[in-house]
Amino acid sequence: MSPRRLFAIAFKETLQVWRDPRSLAIALLMPLMQMVLLGYGVSLDIRRVPLCIYDQENSQTSRELVTRFVASGWFVTARTLNDERAVRDAMDHGACIGAVTIPVNFSRRLASTGSAAVQTVFDATDANTTSIAIGYAQGVIALATANFESSWAAAHGIQPQTAGGVDLEPRVWFNEGLDSRNFIIPGVVAVILGLVGAQLSSLTISREWERGTMEQLISTPVTALEVMIGKLVPYFVIGLFDATFCLCATAFWFQVPFRGSLGTLLATTALFTLVVLGIGYLVSVRIRSQLGASQIALMLTMLPIALLSGYTFPIDQMPGPIQAVTLVVYARYYVTILRALFLKGSTIGDLTVPILALVLYAVAIIWIAARAFRKRLG
Amino acid sequence: MTDTAQAVVADGLTKKFGAFTAVDRLDLSIAKGEVVGFIGPNGAGKSTTIRMLCGLLAPSAGAATVAGFDVGREPEAVREHIGYMSQKFSLYGDLTVRENLRFFAGLYLVPRSDLAARMQVAVTMAGLEGRENALVRTLAGGWKQRLALGCAILHRPPVLFLDEPTSGVEPEARRRFWDLIHRLASEGVTILVSTHYMDEAEYCNRIALIDAGKLVAVGSPGELRRRELGGVLYELDCSALGAALAALHEARDVIDAAIFGDKLHVLLRQAEAAATLQPLLAQQGIVAGPPRRIAPSLEDVFVQLVTRPHVAEASA
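Here the protein sequences come in this chain order: L and W. Each residue of the first sequence is one higher than the last, beginning at 714 in the numbering used here. Each residue of the second sequence is one higher than the last, beginning at 1336 in the numbering used here.
In structure tokens form, the structure reads like this:
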């Protein structure tokens, strides 16, 4: 292995990336775009659910209930309606996901008996969203009920019930705000690295074949290993640069708390970068057109990372066989590590298994890639 | 190491692609400092042979040594001792002249102390002084070819393989390129250069004619003209070339006949038969001028050897 040849290849590759607008866009713009799109676009939280309000009574109490829905932050008033048919229409046209109907005798019954019924209707086309929205609605009503009850009790000279019962005081750890963004954004780094790393490296050998420069290159005494390392070094640097950008955006812009060790984060990020570069390079060796290589690299990285890494869809909720499949999805280990480092502040000791899995993957992929490229035609 | 006087020795070199035999038991030896022209139609096996000699394709059978190294067993040693220009232009278009030279100098581990001087030689040779920082894709064909040659000789290889280096280059640039080849040969470099331009064959010390994967003849241009024809050559002006060709192929004293431009070349068993040509054609209603005896060109030799009309057309 000659350092001079490594440098010659790495330098040439850098010049080519620098002068190729497409590669440059992938290297520099893609992470920014993805970070914005995935960071802002992907959220499992439901906020500002559009509600239609059909307040038959329109009293001070009923309006107070409506205000509670909006003030909770989960709901907004999409429309205020005046009859049953309009509620149906609004739902049909997707103007709202839920409707709250307050009956005409609401405040009277509340005043006389201390309890009154309110009807909520939800569009369950998207069952997931709706069940969460129903949960929020129940929360709003429960709070309102407690409030009404205590004021009713006070008005009737009765002590509010304080005796007995078990109180459940749930406390959540690691993601105290139950903010799904904290759960998702660390994984975005894996998505972006997979995309950028494999895309760039998938072009590196196929570009030489496509442009006819490969024949000249392999007629020189350069070794296959020198070609691989020399070509991957610039992309490794770009990958780490992009990763640093994304990690900083995660911690400082999206304010996801970071509780782990920076060293572990960097080391595992470097390992993951090696894996995706190796995959892209392997594809590039096999497919001699740039377009074909980048398509296949996309399939081998984006699909498993987006669907099977646990980045958005929790692995432990997948069917058994699919869970088994995720064991070979290299990204799941990195996503696990990222999440643990950001939210839990886990140590290397806690993360032995996923780190070893990544090491194993990196070694295997690089070993296969190093043997895949032969200095022969045909 | 084998015979030290020979820079290239091919012994029964064969390449098969599936059922197709691209190169068939080719024997060839090239002495040090020789310029050998590799001539043949497209698809004859020129590129495949050169690629095997460069260690880029593994031979299916047979063996070859280049600069004393076996191409099958020691391809890396072969690569250190050769310069290669592939048929398709294969420098980096998105790199400048200087960057390309520096890249290949790096791959060939050209001594740093000598780097600037050798790059300057290559730039001068290519006639690219003052354009060192131009992107290579902006250069015209002739300059690209000369720069590719410059990149291929940065490490001063004793053997050069040039695969159709002048295809698609204008005549003036072709001539300049051949001047460079001869200058390198005078410095002791052994050169195997393939071409399908017959006129370029005359510039070579020896010629190897290849057709359909088989080596048809090897010799100096003069030797080939004398030895290979086996008859007397006449040139004929006539009206209907196609009909005349058919009639002549039937004639007893005609070994071969071929169209060269707007004339016919007719190879006769003996000179006396020349007088019979005009009456023979007249019988078919073809008007022909008097036959003129001519010295055979290499093209005549090649047509005679491979008896394929399209070869003559390709080089006309």
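Beta carbons are placed, not taken as given, at the ideal position from N, Cα and C, and that holds for glycine.
As assigned by DSSP and simplified to three states, the class of His1517/W: helix
Near the ligand HEM: Glu1464/W beta-carbon under 8 Å from a heavy atom: The ligand HEM is not part of this structure, which contains no ligands at all.
Local conformation of Ile1542/W per DSSP, three classes: strand
Anticipated Cβ contact below 8 Å, Thr963/L with Ile898/L, distance rounded: 5 Å
Separation of Ser1521/W from Gly1418/W, as counted between CA atoms: 16 Å
Residues near Phe835/L by beta carbon distance below 7 Å, same chain, minus five either side: Ile810, Gly811, Thr843, Ala846, Ile847
Those residues which DSSP pairs with Ile766/L across a bridge: Thr793/L, Val813/L
Complete runs of the alpha helix (DSSP H) confined to the stretch 1411 to 1453 of chain W [at least 4 residues]: 1432 to 1442
Cα-Cα separation, Gly877/L to Leu1011/L: Confidence is the limiting factor: at Gly877/L the pLDDT is only 47, short of 50, which leaves the residue's position unreliable, though a coordinate-based value still follows. Distance between the alpha carbons of Gly877/L and Leu1011/L is about 60 Å.
Residues of the stretch 1436 to 1449 of chain W whose Cβ lies closer than 9 Å to any Cβ of chain L, in chain order: Arg1437, Phe1438, Phe1439, Ala1440, Gly1441, Leu1442, Tyr1443, Leu1444, Arg1447
Lys1351/W: contacting residues in chain L (beta-carbon distance under 9 Å): Going along chain L, no residue has its Cβ under 9 Å from Lys1351/W, so there is no contact; the nearest lies around 12 Å.
The stretch 1608 to 1616 of chain W in contact with the stretch 1539 to 1548 of chain W per 3-pair CB rule at 8 Å: no
Members of the stretch 922 to 934 of chain L near chain W, C-beta cut-off 9 Å: Arg924, Gly925, Thr926, Met927, Glu928, Gln929, Leu930, Ile931, Ser932, Thr933, Pro934
Own chain residues within Cβ distance below 6 Å of Met1454/W, not counting five before or after: Leu1436
For Thr1525/W, the three-state DSSP class (helix, strand or coil): strand
Proximal residues to Phe1404/W (C-beta, below 6 Å), its chain only, five neighbours per side dropped: Ala1412, Val1413
Cβ shell of Ala850/L (< 6 Å), same chain only, five flanking positions each side left out: Thr833
Euclidean distance between Cα positions of Val1048/L and Ala830/L: 46 Å
Proximal residues to Gly1112/L (C-beta, below 7 Å), its chain only, five neighbours per side dropped: Residue coverage of chain L in this structure runs from 714 to 1091, which leaves residue 1112/L outside it and unanswerable.
Contiguous beta strand (DSSP E) assignments of at least 3 residues, all confined to the stretch 831 to 869 of chain L: 832 to 835
Chain L contact residues for Ala1393/W, given Cβ-Cβ distances below 7 Å: Arg1089
Short CB-CB distance (under 9 Å) between Ala721/L and chain W: yes
Nearest-angstrom Cα separation, counted from Gln1639/W out to Ile1594/W: 12 Å
Cβ neighbour criterion (16 or more within 10 Å) applied to Glu1434/W: buried
Nonlocal neighbours in the same chain, by C-beta distance under 8 Å from Ala1354/W, ignoring five residues either side: none
Cutoff 9 Å: Glu1499/W Cβ touching any chain L Cβ: no
Neighbourhood of Val730/L by C-beta, 6 Å cutoff - its chain only, sequence neighbours within 5 removed: Ser736
At least three beta-carbon pairs within less than 8 Å, the stretch 921 to 934 of chain L to the stretch 1419 to 1426 of chain W: yes
Chain L contact for Pro1614/W (CB, 9 Å cutoff): no
Chain-ordered chain W contacts of Ser997/L [CB-CB under 7 Å]: Within 7 Å Cβ-Cβ: nothing; Ser997/L doesn't reach chain W, min ~17 Å.
Rounded straight-line distance, which links the Cα of Ile1028/L to that of Arg718/L: 45 Å
Closer than 7 Å at the beta carbon, the chain L residues around Glu1411/W: Pro934
Residues near Ser1094/L in its chain [Cβ-Cβ closer than 7 Å; skip 5 each side]: Any property of residue 1094/L remains undetermined from this structure, which presents chain L solely from 714 to 1091.
Euclidean distance between Cα positions of Val800/L and Val853/L: 21 Å
Close beta carbons around Glu1648/W, own chain, < 7 Å, minus the five adjacent residues each side: Note on Glu1648/W: pLDDT 38, under 50, position unreliable in the model; the coordinate value appears next. Same-chain partners within the cutoff: there are none.
Which of helix, strand or coil DSSP assigns to Gln1341/W: strand
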